[in-house]
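Enquirer: First to last, the sequence lines map onto chains R and S. Per our numbering, the very first residue in the first sequence carries number 1; after that it's consecutive. Per our numbering, the very first residue in the second sequence carries number 253; after that it's consecutive. Ideal Cβ positions, reconstructed from N, Cα and C, are used throughout, including at glycine.
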Amino acid sequence: MESTILKSENFSAWFGEHQVLKNINIEIPRNNIVAVMGPSGCGKTTFIRCVNRMHELTNDTRVEGSIFYTKNDIYKMNPIILRRFIGMVFQRPNPFPTMSIYQNVIAGYTLNGASLNKNEKDEIVEDSLNKAALWNEVKDVLHRKGTFLSGGQQQRLCIARALAMKPEILLLDEPTSALDPISTAKIEELLFELKKNYSLLIVTHNMQQAGRVSDRTAFFYLGELIEYNDTKEIFTNPRNEKTQNYITGRFG
Amino acid sequence: MSLDDKLSNVSQSTDMERGILIRKYKNIFLKSLVIFLTVVVTLPLLLVLFYIFKRGISAISWSFLMNLPKPVGETGGGIFNALIGSAIIIGIAAVIAIPFGVSIGVYLSEFRKTKLAYWTLLSVDVLQGIPSIVIGIVIYLWIVKTMGSFSALSGSIALTLMMLPSIIKSTEETLKLIPDTLKEASLSLGVPYYRTILKVILPAGISGILSGVILGIARIAGETAPLLFTAFGNPFTNTNILKPMASLPLVIFNYAISPYDEWHELAWGAAFILIVFILLLNTLTKLAEKKWKVQF
Ligand SMILES: Nc1ncnc2c1ncn2[C@@H]1O[C@H](COP(=O)(O)OP(=O)(O)OP(=O)(O)O)[C@@H](O)[C@H]1O
Ligand SMILES: [Mg+2]
Chain R
1 MESTILKSEN FSAWFGEHQV LKNINIEIPR NNIVAVMGPS GCGKTTFIRC
51 VNRMHELTND TRVEGSIFYT KNDIYKMNPI ILRRFIGMVF QRPNPFPTMS
101 IYQNVIAGYT LNGASLNKNE KDEIVEDSLN KAALWNEVKD VLHRKGTFLS
151 GGQQQRLCIA RALAMKPEIL LLDEPTSALD PISTAKIEEL LFELKKNYSL
201 LIVTHNMQQA GRVSDRTAFF YLGELIEYND TKEIFTNPRN EKTQNYITGR
251 FG
Chain S
253 MSLDDKLSNV SQSTDMERGI LIRKYKNIFL KSLVIFLTVV VTLPLLLVLF
303 YIFKRGISAI SWSFLMNLPK PVGETGGGIF NALIGSAIII GIAAVIAIPF
353 GVSIGVYLSE FRKTKLAYWT LLSVDVLQGI PSIVIGIVIY LWIVKTMGSF
403 SALSGSIALT LMMLPSIIKS TEETLKLIPD TLKEASLSLG VPYYRTILKV
453 ILPAGISGIL SGVILGIARI AGETAPLLFT AFGNPFTNTN ILKPMASLPL
503 VIFNYAISPY DEWHELAWGA AFILIVFILL LNTLTKLAEK KWKVQF
């Protein structure tokens, strides 16, 4: 029996008066890749932004219910601490434009004022870039600006930056939607590798991608979690009519 | 029909040729007009610069820079007191204006939708439009009267008010252009908000902020009116900011309206130095924008 790393209970979220998530109950097993699918505007981004408490940074938002990270209610944790356990990769690569590749990777430490010596830094940088499958491509240009890299490389740099903080969970919001097929394939391969040590929650519009990389798939529709099951089950034998319609491309 | 045929057809049609010719003349006409108007406006500007340089350079010498003004009738004399005074007055104004201006700019870009931001922005716009002499009078009433004497400090405060809008605006406008995703990248790494602003957002906007600051300094460097009632001027070198102090624009003003030729010379020399300083600042702005340009 796999252990659960993340669990939401009757979780709802609002933008002003607009309820975007309705009573979400979901359990994310450790060392799994869970894909979040659903038509545009159904609340996928909002859901993962609630998991690392970025949702509350938008004015006039609120949430109800709870999300547990292992045994801890995340809404009772300090968000700054929480975000060190739960890393995030965004839809568009967003390396820090003023920093070199090297500085980008250790940005989580330097920005927090942690003092590391050169060896520790070198180690974190090499290790994280290796995990993000980027080391070989950039090891000779570590001191160039991160923004000089290609889009796919930038996205892997952002993954390395998140991994450098040694998180337990990685949230990815359509991480390949701005990338070409080759970069996408590289990142998918990487996700598979990362699963050994991390639990991944990935939002994707691309059904093939969900099918390829994920163990479990959650289907959201109009703010509700319609169906959540093993990816194979969802794609071959969806229980809910809406899921079926979505997968067969009848809407969305 | 092959392409060659088409082309020869086109060149045979005289109607079309005439059309092209007319357009060509229109083009030439408009271009000449634009160039002519540009020259008409630029030429006087260049002449003014040229004249100041010509008159000014002859006044410049080592003793001009290092001496105090001499009484009427004696030749020589310099503007040492005004140079020191301007440096102090502008320096203090900048030291006050930069932290306030940048903070207000950050506030405006971060909390755009609040009531306070709305009123602040409005006040900044109004402040920008207030004639400098009015600012001088207000500071005279508030500070010079209260403290009982003219002082460099009151001059600096008047200049602070004059340069604040430029710093605030350029900070706000620069930061507004920085994508939110950058802030989120930092926050998602568990970096606290205040550190995110200080270490991610401000460095990303440094070129715009810096150029706003430099342009702000260039703007106040030549201001005379706000200093008339505040720093007042001083024939001696003074470094006490609670006492009246000389400055370049005041020297230019006082000497230019005097009836003495020697003093006119001093005014030309001071004007030259002021202009060179401002040109330098403008060049510096361009360099700063280039050097620290951040590509997202
Ligand atoms: N900043 C915001 N302010 C107000 N409403 C918002 C905001 N962001 C999102 N919403 C609303 O919340 C709902 C869910 O948005 P969300 O971004 O979570 O959708 P999504 O499933 O990620 O869509 P997409 O696939 O297009 O990325 C939408 O109806 C949207 O209009
Ligand atoms: Mg989204």
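Against chain S, does L172 of chain R count as a neighbour if the rule is that its beta carbon must be under 8 Å from one of theirs?
Expert: no
Enquirer: Could you tell me whether any Cβ in chain R is nearer than 8 Å to the Cβ of G442 of chain S?
Expert: yes
Enquirer: Who are the near neighbours of L502 of chain S in its chain, counting only those whose CB is closer than 6 Å to its CB and skipping five residues on each side?
Expert: L479 and G485
Enquirer: Looking only at its own chain, which residues have a Cβ that is under 7 Å from the Cβ of S361 of chain S, when we skip the five neighbours before and after it?
Expert: E424, L427 and K428
Enquirer: So for I274 of chain S, helix, strand or coil by DSSP?
Expert: helix
Enquirer: Please report whether the beta-carbon of E436 of chain S lies at a distance below 8 Å from any beta-carbon of chain R.
Expert: yes
Enquirer: Should S199 of chain R and R30 of chain R be called a contact, given that it needs their Cβ atoms to be closer than 8 Å?
Expert: Yes, they are a contact pair.
Enquirer: In this structure, does DSSP put N319 of chain S in helix, strand or coil?
Expert: Of the three classes helix, strand and coil, the one that applies to N319 of chain S here is coil, per DSSP.
Enquirer: Whole angstroms is fine: what's the gap from K131 of chain R's alpha carbon to V138 of chain R's?
Expert: 13 Å
Enquirer: Could you name the residues of chain S that N261 of chain R contacts, counting a contact when the two beta carbons are closer than 8 Å?
Expert: The structure shown does not extend to residue 261 of chain R, since chain R spans only 1 to 252, so no value can be given for it.
Enquirer: State the beta-bridge partners of E227 of chain R as determined by DSSP.
Expert: R:F219
Enquirer: Mind pulling the chain R residues with CB within less than 8 Å of T433 of chain S?
Expert: F90, R92 and N94
Enquirer: Put V546 of chain S into one of helix, strand or coil per three-state DSSP.
Expert: coil
Enquirer: Are S335 of chain S and L320 of chain S touching if we call contact CB-CB under 8 Å?
Expert: Note on identity: in this sequence residue 335 of chain S is Leu, with Ser being the wrong assignment. Cβ atoms of L335 of chain S and L320 of chain S: not closer than 8 Å.
Enquirer: In this structure, how does DSSP classify G381 of chain S when only helix, strand and coil are distinguished?
Expert: Looking at G381 of chain S - three-state DSSP - the assignment turns out to be helix.
Enquirer: Could you check which residue in R:Q155, R:K166, R:E224 and R:W135 has the C-alpha nearest to that of G442 of chain S?
Expert: R:K166
Enquirer: Going by the C-beta, is E436 of chain S closer than 7 Å to any heavy atom of ligand 2?
Expert: It does not: the Cβ of E436 of chain S is nowhere closer than 7 Å to a heavy atom of ligand 2.
Enquirer: Could you check how far apart the C-beta atoms of F15 of chain R and T61 of chain R are, in whole angstroms? I think they sit under 8 Å.
Expert: 6 Å
Enquirer: Let me check you understand the geometry: is the CB of C327 of chain R closer than 7 Å to at least one non-hydrogen atom of ligand 1?
Expert: The structure shown does not extend to residue 327 of chain R, since chain R is modelled only from 1 to 252, so the question has no answer here.
Enquirer: What does A456 of chain S reach in chain R if we use C-beta pairs closer than 9 Å?
Expert: Within chain R, the residues near A456 of chain S are F96, P97 and T98.
Enquirer: Any heavy atom of ligand 1 inside 7 Å of the beta-carbon of H205 of chain R?
Expert: Result yes, Cβ under 7 Å from ligand 1.
Enquirer: Which runs of the alpha helix (DSSP H) at least 4 residues long sit entirely within the segment 404-483 of chain S? Give them in chain order.
Expert: Qualifying alpha helix (DSSP H) stretches, in chain order: 404-428, 432-439, 445-448, 458-473 and 477-480.
Enquirer: On a Cα-Cα basis, can you pick out the residue from R:L134, R:E174, R:Y102 and R:L222 that is closest to N119 of chain R?
Expert: The shortest Cα separation from N119 of chain R among R:L134, R:E174, R:Y102 and R:L222 belongs to R:Y102.
Enquirer: Which residues bound the beta strand (DSSP E) around D173 of chain R?
Expert: I169 to D173
Enquirer: Would you say E174 of chain R touches ligand 2, meaning its beta carbon is less than 7 Å from a heavy atom?
Expert: yes
Enquirer: Which residues in chain S sit within 8 Å of R83 of chain R, going by Cβ to Cβ distance?
Expert: L439, S440, L441 and G442
Enquirer: Among R:K242, R:G223 and R:D173, whose alpha-carbon lies nearest the alpha-carbon of A210 of chain R?
Expert: R:D173
Enquirer: Could you give the DSSP three-state label for M1 of chain R: helix, strand or coil?
Expert: Bear in mind that a pLDDT of 45 at M1 of chain R, under 50, signals an unreliable position, so the number given afterwards is only what the model happens to contain. Coil at M1 of chain R, not helix or strand.
Enquirer: Can you find a CB in chain R that lies within less than 8 Å of the CB of R447 of chain S?
Expert: yes
Enquirer: In chain order, which alpha helix (DSSP H) runs of at least 4 residues are fully inside the segment 287-351 of chain S?
Expert: 314-318
Enquirer: Does the CB of A107 of chain R have a neighbour CB from chain S at under 8 Å?
Expert: Contact of A107 of chain R with chain S is assigned, a C-beta pair being separated by under 8 Å.
Enquirer: For a quick check, are the C-beta atoms of C50 of chain R and A13 of chain R less than 8 Å apart?
Expert: yes
Enquirer: How many Å lie between G407 of chain S and R84 of chain R at the Cα?
Expert: 50 Å
Enquirer: Starting from the beta carbon of N240 of chain R, find every residue of chain S whose beta carbon is closer than 9 Å, and list them in chain order.
Expert: Simply none; closest approach about 32 Å.
Enquirer: I'd like to know whether the C-beta of F548 of chain S is nearer than 8 Å to at least one C-beta of chain R.
Expert: yes
Enquirer: Can you list the residues of chain S that N111 of chain R reaches, using a CB-CB cut of under 8 Å?
Expert: Checking the displayed sequence, the identity of residue 111 of chain R turns out to be Leu instead of Asn. The contacting residues are S438, L441, V443, R447, T448, K451 and V452.
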